[in-house]
Structure formats: C-alpha cells, structure tokens
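Right, one structure below, let's go through it.
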Amino acid sequence: MLSNRKLFKLVLILLLALSLRLFNFGKNPPSLSEDEASQGYNSYTILTAGKGEHGEVFPLDKFIAFGDYKPPGYIYAAVPSIAVFGLNEIGVRLPSLISGVLLSLVAYLLVIEMFGNPSIALLSAFLIAVSPWSIQFSRAAFESNLAALLNATAVLFFIKSRKKGFFLPLSVILFILAFYTFNANRIISPILLFTLELLFLKDFIKNIKWIIISVFIGIIMLLPSYSFLSSRESKVRFQEVSIFSYDIDKLKLSNERISTDGNSIIGKIFHNRRLVFSLDFLKHYTDNFDPKFLFLRGDGNQRLSVPGIGEMFVWEIIFYTIGIFYLLRNPNRNNLLLLLWFLIVPLPAGTAKETPHALRIASILPVPQIFSALGIWQVSLFIRKYYPRIKIYFPLLLLSVFIFNFYYYLHNYFVHYPVEFSRAWQYGYKEMTQKIKERENNYDHVLVSRSGGRSYIYFLFYNGYPVSDYLRNRIATRDWWGLWDVASFGKYYFDLKYRSELKGKILVAEGADELVSGEKVLDTISYPKGDPAYKIVEITR
Numbered sequence: 018m019l020s021n022r023k024l025f026k027l028v029l030i031l032l033l034a035l036s037l038r039l040f041n042f043g044k045n046p047p048s049l050s051e052d053e054a055s056q057g058y059n060s061y062t063i064l065t066a067g068k069g070e071h072g073e074v075f076p077l078d079k080f081i082a083f084g085d086y087k088p089p090g091y092i093y094a095a096v097p098s099i100a101v102f103g104l105n106e107i108g109v110r111l112p113s114l115i116s117g118v119l120l121s122l123v124a125y126l127l128v129i130e131m132f133g134n135p136s137i138a139l140l141s142a143f144l145i146a147v148s149p150w151s152i153q154f155s156r157a158a159f160e161s162n163l164a165a166l167l168n169a170t171a172v173l174f175f176i177k178s179r180k181k182g183f184f185l186p187l188s189v190i191l192f193i194l195a196f197y198t199f200n201a202n203r204i205i206s207p208i209l210l211f212t213l214e215l216l217f218l219k220d221f222i223k224n225i226k227w228i229i230i231s232v233f234i235g236i237i238m239l240l241p242s243y244s245f246l247s248s249r250e251s252k253v254r255f256q257e258v259s260i261f262s263y264d265i266d267k268l269k270l271s272n273e274r275i276s277t278d279g280n281s282i283i284g285k286i287f288h289n290r291r292l293v294f295s296l297d298f299l300k301h302y303t304d305n306f307d308p309k310f311l312f313l314r315g316d317g318n319q320r321l322s323v324p325g326i327g328e329m330f331v332w333e334i335i336f337y338t339i340g341i342f343y344l345l346r347n348p349n350r351n352n353l354l355l356l357l358w359f360l361i362v363p364l365p366a367g368t369a370k371e372t373p374h375a376l377r378i379a380s381i382l383p384v385p386q387i388f389s390a391l392g393i394w395q396v397s398l399f400i401r402k403y404y405p406r407i408k409i410y411f412p413l414l415l416l417s418v419f420i421f422n423f424y425y426y427l428h429n430y431f432v433h434y435p436v437e438f439s440r441a442w443q444y445g446y447k448e449m450t451q452k453i454k455e456r457e458n459n460y461d462h463v464l465v466s467r468s469g470g471r472s473y474i475y476f477l478f479y480n481g482y483p484v485s486d487y488l489r490n491r492i493a494t495r496d497w498w499g500l501w502d503v504a505s506f507g508k509y510y511f512d513l514k515y516r517s518e519l520k521g522k523i524l525v526a527e528g529a530d531e532l533v534s535g536e537k538v539l540d541t542i543s544y545p546k547g548d549p550a551y552k553i554v555e556i557t558r
C-alpha cells in the first residue's frame with residue numbers, strides 16, 4: 018500500500034512527465050511528418066466514414082496507407098482524440114503523449130511488483146519521466162511508443178497473474194494489441210510472452226482455467242492477422258527493410274571467396290552465405306547496445322533523437338552498468354526476466370538494414386531505466402554502509418550532475434531542435450496548404466511539388482478531405498513493392514512533370530530550388546531558420 022508521502026512523490030513524477038510532454042505540444046516537433054499525417058488522416062476517415070484511405074472498411078489487420086501497410090493499433094487509438102480535438106497535430110499526437118506519461122506509472126508498478134521497493138520504483142518512474150528517449154517519442158505520433166506502453170503493461174499483468182489469474186487474459190490481450198500496433202512487436206510479443214511462460218511455468222500451470230481462456234482469446238484476436246502475414250505484401254515489406262533480402266553483392270563476394278579457397282570444405286564453411294548473414298545479424302543486433310548510441314549520440318535519424326544527445330543521459334552509464342551487474346550477480350526469475358526482456362526486444366531490429374534504431378527497440382523501455390535505478394540504489398547502499406560520513410553528498414552530487422545534463426538536453430530540444438532540424442520533419446506543408454487554400458478558388462489547377470515527400474497526404478489531412486470524394490477523383494498507381502503513387506485528386510496534381518501538360522491558370526507550390534525563371538512569385542514559405550523552403554507561384558498556359 019502506498020504511503021501518503023510515496024503517493025505524493027509519484028503524483029509529482031507523473032505531473033513532471035506530463036509537463037515535459039505537454040509543453041509546446043503540437044509545435045515541437047515543428048511539423049507533422051508524412052507518416053503522422055497518414056495515421057491521422059486514416060483515423061479521420063475511420064471516424065467519419067468507417068473506412069481507411071483506400072476504402073478498406075474497418076480494417077483489423079493493417080491499413081494500406083502509402084502501401085507500407087501500417088498496423089492498425091495507433092490509427093484506432095487516435096480516433097477519439099481526433100473526434101475531440103479535430104484533425105490536427107494535437108489530435109494525432111495525443112495517444113503517444115498519454116502513452117509516455119502512463120509508461121512512467123507502469124515502470125513504478127512493475128518495480129513494486131518485482132522488487133517491492135518503493136524507492137527503486139520511484140527512481141525508475143522518474144527516469145522514464147525525464148528520459149530523452151521517452152520524451153522524443155511521446156511528443157510525436159510514434160506507433161512504437163504506444164506499443165512500448167502496451168508491452169510493458171502486458172509484462173506487468175503477466176507477473177500479477179501469478180497471484181491473481183484473471184490478469185493472464187488481460188496480459189495476452191495487451192501483448193496482442195502491441196502486436197497490432199507496431200511491426201517489430203509482431204516478433205517481440207510472442208517471444209516475450211513465451212519467455213514469461215517458461216520463466217514462471219510453475220505458477221503458470223496452476224491457472225488452467227485462465228490459460229484456456231487466454232488461449233481462446235489469443236486465437237480469436239490473431240485470426241485477422243493471418244491473411245496479411247501470409248500475403249505477398251507482408252513478405253515484400255519485410256524484404257524491403259531486411260538484411261536477409263536477396264543481396265547480390267554479398268552472394269557474389271561469398272562465391273568468389275569460396276572459389277579463391279579452391280572450393281575447399283573450410284572455405285565453404287567460412288564463406289557460406291548463411292554465416293555471412295548470421296554475422297551481419299549479430300552486428301546489427303549488438304549495434305543497439307552500443308554505449309555511444311545509448312549515452313552519447315543517439316539515433317542517426319533526426320526525427321528519432323536530438324543529434325548529439327544519447328537516448329539516455331550520459332551520467333546514467335555508470336549506474337546502468339552497475340544495475341546490470343547486480344541482476345547478473347543475484348539470479349532469480351524476476352531479475353532474469355528483465356535481462357531477457359532487454360535481450361529479446363532488439364531481435365527484430367537486428368534484421369533491419371538501419372542500425373542502431375531507437376524506434377524499433379522502443380519496447381525495451383522501461384528496462385534500461387530500471388537498470389539505472391537499481392544502480393543508483395546499490396551505490397547509495399554501498400556509501401551508507403562503508404562511507405556514512407559522505408552519504409549526504411552523494412544525492413547532492415547526483416542531483417547537480419542531473420540538473421546540468423537535463424537542462425542541456427531541454428535547451429537543445431526546445432530551443433535548437435525545432436529550428437535546426439525542421440527539414441527532417443518535412444516542415445512547410447501545413448503553411449503551404451493554408452496559403453493554397455486561400456487562393457485556390459481563383460485557379461483552374463493546383464500543382465504541388467513532391468520534393469519534400471508525399472505531398473498529397475498533407476492536402477488530405479489539413480483540408481479534412483472527404484475520403485469518398487478522394488476515392489472517386491484520385492489518379493493513383495501502385496509499384497512492384499505495393500507502394501501507392503498518388504498523382505492527382507480533384508484540382509490538385511502532385512508532380513511538377515504536369516507543369517507542361519496542364520492548361521489554364523495554375524497555382525504552383527514548388528521547392529525554393531525548383532523555381533523557373535519568369536514565374537510570378539506570390540508567396541514564400543521559409544524554414545524556422547529563415548531560409549526558403551517553398552515558393553507559391555502563378556503560371557498561365
């Protein structure tokens with residue numbers, strides 16, 4: 018039972034988590050990415066028409082979207098917030114914000130359940146609340162952030178089911194919801210659930226009634242996924258991002274080395290393509306544990322972290338390491354669970370071409386923060402026992418280092434990040450749609466460059482374009498990979514190649530470097546740093 022003092026501290030931590038995610042929410046990150054706009058528009062079409070962007074009626078397995086086949090979890094989660102706040106940044110991003118705040122609470126409850134230590138639990142909750150990793154993902158519509166919350170809560174409920182069996186089907190439901198929310202969790206969820214069953218087998222088999230109920234629920238919930246997971250589209254999507262896709266250069270090198278070795282048995286073993294791919298997987302997998310990635314530079318993708326700042330605070334590295342050693346030196350099922358959770362989550366990321374990848378391993382949260390909290394607790398116990406005279410200085414020193422590091426992060430995130438890295442967030446499309454909407458009635462056609470990305474989705478999103486009208490008027494094709502190329506809908510055309518084909522009075526939105534001599538410039542959209550992003554021009558043919 019929580020004491021009033023502990024409850025007060027927990028509430029303060031949750032308020033801190035909320036404040037850090039709510040401040041300037043909707044404006045930093047400075048723009049919606051095309052993926053966020055796609056998720057938001059599909060949520061909107063479900064809300065208003067009961068179908069996805071391509072006319073699929075209440076899809077349960079996937080949304081076609083760009084042809085990247087988005088899992089449905091986040092799209093459905095955003096429906097209520099879009100219903101309340103409208104089709105805008107807040108409506109799309111709110112489920113992720115709530116997920117980040119609740120993850121701090123789940124971290125607390127998880128540690129209480131596993132260790133029964135409120136101090137470590139509060140430290141874990143606090144470290145998630147202020148985590149650069151969690152803050153970054155909580156302020157934008159990242160599916161992985163919602164999946165991380167579902168995954169952590171599923172683990173919590175499974176542990177609780179050892180004493181109260183009715184938590185078991187709830188755990189299974191949450192694991193499957195994570196499965197339907199982020200692609201990596203289609204691998205993480207079943208492996209982690211199976212690991213939990215093995216670790217707690219003695220407790221698990223006592224709940225036969227709840228096991229049967231859980232299996233039945235699991236089968237029913239997974240049925241919609243079968244057709245997609247066994248489809249060509251699913252396989253093509255995997256091949257697109259996987260290191261195991263057919264790589265002719267690696268196969269050629271492997272065969273050349275075998276030939277150089279005279280087709281010897283040793284050569285066939287050492288240069289076997291399966292060994293080559295296995296070593297590739299091992300490298301990509303271990304990349305996600307790289308201390309430089311975790312504590313110094315973060316993810317190379319500017320959307321996924323503030324460049325030059327780690328996913329965790331640099332001062333955490335000592336305590337994080339001590340926490341891991343503590344778990345290794347004190348083996349029990351709870352400690353082993355944390356270590357296996359930590360090792361399982363990066364498995365699907367190990368098959369991806371881009372590593373390390375903070376997004377794909379987001380379901381590792383809050384384990385690294387629990388490691389750090391355990392390390393801090395162990396160091397404080399050590400100082401109290403062996404150096405009691407300086408015990409008062411340890412929290413003061415730790416607090417001083419934290420404040421400096423935390424302020425440095427906040428300064429970079431709120432002052433520099435939205436200005437210096439706005440291009441990474443495809444800045445300018447909101448402003449473009451607004452300026453075009455003010456003028457488009459005076460023109461026969463609107464021509465939009467695709468230099469900044471899939472521009473069509475922003476016109477659907479910011480105009481709240483009815484999906485029935487879109488499906489009736491669009492001109493779109495699919496490539497071999499299944500990706501959709503939307504060329505036009507209504508009076509909008511989304512490729513400057515149509516510049517020479519369209520007739521009449523045309524309003525054009527093009528990149529600042531795509532301006533043609535002699536065009537009449539009506540307006541300029543600039544990046545926050547002041548350099549031009551897009552030009553709004555008029556042409557007549």
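Using our numbering, read the sequence shown as starting at 18 and increasing by one per residue.
Note that beta-carbon positions come from the ideal geometry of N, C-alpha and C, so glycine has one too.
Quick check on N490: buried or exposed, where buried means 16 or more other Cβ atoms within 10 Å of its Cβ? Your numbering for residue 490 matches position 473 in the sequence shown. So N490 ends up on the exposed side.
If you draw a straight line from the C-alpha of V293 to the C-alpha of Y302, how long is it? One-based indexing of the sequence shown puts residue 293 at position 276. One-based indexing of the sequence shown puts residue 302 at position 285. Approximately 14 Å, taken between the alpha carbons.
Helix, strand or coil for K514? Go by DSSP, reduced to three states. The residue given as residue 514 occupies position 497 in the sequence shown. Residue state, collapsed to three classes: helix.
Quick one: give me the first and last residue of the beta strand (DSSP E) that A550 is part of. Position 533 of the sequence shown, counting from 1, holds the residue named residue 550. Element bounds for A550: P549 to T557.
Give me, in chain order, the residues of the same chain whose beta-carbon lies closer than 6 Å to that of Y434; leave out the 5 immediate sequence neighbours on both sides. The residue given as residue 434 occupies position 417 in the sequence shown. Taken in chain order, the residues that qualify are V323.
Tell me whether S466 is buried or exposed, calling it buried when 16 or more other Cβ atoms sit within 10 Å of its Cβ. As a position in the sequence shown, residue 466 is number 449, starting the count at 1. Result: buried.
Alpha-carbon to alpha-carbon, K68 and D78: By one-based count along the sequence shown, residue 78 stands at place 61. By one-based count along the sequence shown, residue 68 stands at place 51. Cα to Cα, D78 sits roughly 13 Å from K68.
Rounded to the nearest angstrom, what separates P186 and L345 at their Cα positions? Within the sequence shown, the letter at position 169 stands for residue 186. Within the sequence shown, the letter at position 328 stands for residue 345. So the alpha carbons of these two residues sit roughly 31 Å apart.
Whole angstroms is fine: what's the gap from F217's alpha carbon to A124's? Numbered from 1 along the sequence shown, position 200 holds the residue referred to as residue 217. Numbered from 1 along the sequence shown, position 107 holds the residue referred to as residue 124. Going from the Cα of F217 to the Cα of A124 covers about 20 Å.
Quick check: the Cα distance between G43 and P405, rounded to an integer number of angstroms? Counted from its first residue, the sequence shown places residue 43 at position 26. Counted from its first residue, the sequence shown places residue 405 at position 388. Cα to Cα, the separation comes out at about 48 Å.
Close Cβ partners of F411 (< 8 Å) along its chain, the five nearest in sequence each way excluded: For the purposes of this step, residue 411 is taken as the residue at position 394 of the sequence shown. If we look at F411 and ignore the five residues flanking it on each side, its Cβ neighbours are V396, S397 and I400.
State the CB to CB distance for the pair F330 and N45, rounded to an integer number of angstroms; the pair is presumed to be in contact (CB under 8 Å). Within the sequence shown, numbered from 1, the residue matching residue 330 stands at position 313. Within the sequence shown, numbered from 1, the residue matching residue 45 stands at position 28. At roughly 20 Å, the Cβ-Cβ gap does not stay under 8 Å, so F330 and N45 are not in contact.
I'd like the list of long-range same chain contacts for R558, defined as Cβ closer than 6 Å, with 5 residues on each side in sequence excluded. On the sequence shown, residue 558 is found 541 positions in, with the first residue counted as 1. So the qualifying residues of the chain are K520.
Would you call F511 buried or exposed, if buried means 16 or more other Cβ atoms sit within 10 Å of its Cβ? As a working mapping, residue 511 is identified with position 494 in the sequence shown. So F511 ends up on the buried side.
Between which two residues does the beta strand (DSSP E) carrying R495 extend? Taking the sequence shown and counting its residues from 1, the one referred to as residue 495 is at position 478. I492 to R495 is the span of the beta strand (DSSP E), which, as asked, contains R495.
Buried or exposed for Y337, going by 16 or more other Cβ atoms inside 10 Å? To locate residue 337, count along the sequence shown from 1; it is residue 320. Burial call: buried.
Does H71 come out as helix, strand or coil in the three-state DSSP assignment? Walking along the sequence shown from the start, residue 71 turns up at place 54. DSSP places H71 in coil when its eight states are reduced to three.
Inter-residue spacing [alpha-carbon to alpha-carbon] between I138 and L167: As a first step, residue 138 is located in the sequence shown; it is residue number 121 there, counting from the start. As a first step, residue 167 is located in the sequence shown; it is residue number 150 there, counting from the start. Sequence check: residue 138 is Ala here, not Ile. So the alpha carbons of these two residues sit roughly 19 Å apart.
4 or more residues per run - each alpha helix (DSSP H) lying fully within the stretch 182–209: 184–196
Give the secondary structure of W501 by DSSP, where H, G and I count as helix, E and B as strand, and everything else as coil. Taking the sequence shown and counting its residues from 1, the one referred to as residue 501 is at position 484. In the structure shown, W501 sits in a strand (DSSP, three-state: E or B).
Determine, using beta carbons only, whether G57 and A100 come nearer to each other than 8 Å. Residue mapping note: residue 57 aligns to position 40 of the sequence shown, counting from 1. Residue mapping note: residue 100 aligns to position 83 of the sequence shown, counting from 1. Their beta carbons are not under 8 Å apart, which means G57 does not touch A100 by this criterion.
Could you give the distance in angstroms between the alpha-carbon of I361 and the alpha-carbon of N202? Numbered from its first residue, the sequence shown carries residue 361 at position 344. Numbered from its first residue, the sequence shown carries residue 202 at position 185. Those two C-alpha atoms are separated by around 11 Å.
Under a three-way DSSP split, which group does T368 fall into? The count along the sequence shown starts at 1 and reaches residue 368 at position 351. It is coil, neither helix nor strand.
Cut-off 6 Å between Cβ atoms - residues of its own chain near P47, not counting five sequence neighbours on either side: Within the sequence shown, residue 47 is the residue found at index 30, counting from 1. Closer than 6 Å at the Cβ level, and outside the excluded window around P47, lie P435, S439, W442 and Y444.
Identity of the residue in H71, Y446 and L19 nearest D85 by Cα: Indexing the sequence shown from 1 puts residue 85 at position 68. Closest by alpha carbon: H71.
Report back the beta-carbon spacing between R377 and F83 to the nearest angstrom; my notes put them in contact at under 8 Å. Counting from 1 along the sequence shown, the entry for residue 377 is found at position 360. Counting from 1 along the sequence shown, the entry for residue 83 is found at position 66. So it is not a contact: roughly 18 Å between Cβ atoms.
Use the C-beta contact count for G481: other C-beta atoms within 10 angstroms, 16 or more gives buried, fewer gives exposed. By one-based count along the sequence shown, residue 481 stands at place 464. So G481 ends up on the exposed side.
Residues in the same chain with beta-carbon distance under 6 Å from F312, minus the five sequence neighbours each way, listed in chain order, please. Against the sequence shown, residue 312 aligns to sequence position 295. Taken in chain order, the residues that qualify are G327, M329, V331 and I334.
What residue range is occupied by the uninterrupted alpha helix (DSSP H) comprising H462? Taking the first residue of the sequence shown as position 1, residue 462 is located at position 445. No alpha helix (DSSP H) holds H462; the beta strand (DSSP E) holding it covers H462 to V465.
Taking the beta carbon of Q451 as the centre, do at least 16 other beta carbons fall within 10 Å, making it buried, or is it exposed? On the sequence shown, residue 451 is found 434 positions in, with the first residue counted as 1. It is exposed - the Cβ of Q451 has fewer than 16 other Cβ atoms within 10 Å.
Cα separation between T372 and D307? What you label residue 372 is simply residue 355 of the sequence shown in a count that begins at 1. What you label residue 307 is simply residue 290 of the sequence shown in a count that begins at 1. Distance between the alpha carbons of T372 and D307 is about 10 Å.
Whose C-beta lies closer than 6 Å to the C-beta of P97 among residues of the same chain, with five residues either side of it excluded? On the sequence shown, residue 97 is found 80 positions in, with the first residue counted as 1. Around P97: no qualifying Cβ.
How would you write the range of the beta strand (DSSP E) that A441 sits in, first residue to last? Counted from its first residue, the sequence shown places residue 441 at position 424. Counting along the chain, A441 falls outside any beta strand (DSSP E), and DSSP gives it neither H nor E.
Taking Cβ to Cβ, would you say G90 is nearer than 8 Å to L194? Indexing the sequence shown from 1 puts residue 90 at position 73. Indexing the sequence shown from 1 puts residue 194 at position 177. Yes, these two residues count as a Cβ contact at 8 Å.
Taking 8 Å as the cut-off, does the stretch 26–42 touch the stretch 151–170 (at least 3 CB pairs, one atom from each stretch)? yes
For G528, write down the residues that DSSP places opposite it in a beta bridge. Mapped onto the sequence shown, residue 528 falls at position 511. Paired residues: Y551.
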